[in-house]
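*Asks:* Take this structure, written in structure tokens, and hold onto it; I'll ask about it next.
In the numbering used here, the protein residues as written are 947 to 1056.
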């Protein structure tokens, strides 16, 4: 933790892990200067999710990728990311086909 932090200062953060159909979340109050690593350790994530490496797929703070050493500010949310369950490129291809089919249907109706 940072050395230049005011004695006794605290930050309130949350640690979140989205599961299919549910979300795991812990609200924490930590010493100012605490890092993402500190928050994950204090959240009890390892005990709640044995065998899951919280760093395997990245960590985000409000959707922006951050490393374990990122110093947290009060109000921030730490998101433990999961692997993608679909291929983003395939999703884009499907949307493009759907859009093209809808446009063709509309043109045929006009």
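Even glycine gets a Cβ: it sits at the ideal position worked out from N, Cα and C. It should be emphasised that the depicted structure is a prediction, and the values quoted were computed from it without experimental measurement.
1. Using the three-state DSSP reduction, which class does residue 975 fall into: helix, strand or coil?
2. Can you find the residues in the same chain that come closer than 6 angstroms, C-beta to C-beta, to residue 991, ignoring five residues on each side of it along the sequence?
3. Taking the beta strand (DSSP E) that residue 957 belongs to, which residues open and close that run?
4. Less than 8 angstroms between CB atoms is the rule here; does residue 1009 satisfy it with respect to chain C?
5. Between the C-alpha atoms of residue 978 and residue 1022, what's the straight-line distance to the nearest angstrom?
*Replies:* Reading from the atomic positions:
1. Within the chain shown, residue 975 is the residue found at index 29, counting from 1. Looking at residue 975 - three-state DSSP - the assignment turns out to be strand.
2. Residue 991 sits at position 45 when you count from the first residue of the chain shown. Cβ neighbours of residue 991 beyond the five flanking positions: 1000.
3. Residue mapping note: residue 957 aligns to position 11 of the chain shown, counting from 1. Start and end: 956-965.
4. Of the protein chains in this structure there is only one, and it is not chain C.
5. Start at 1 with the first residue of the chain shown, and residue 978 comes out as number 32. Start at 1 with the first residue of the chain shown, and residue 1022 comes out as number 76. Using only the alpha carbons, I get a separation of about 12 angstroms.
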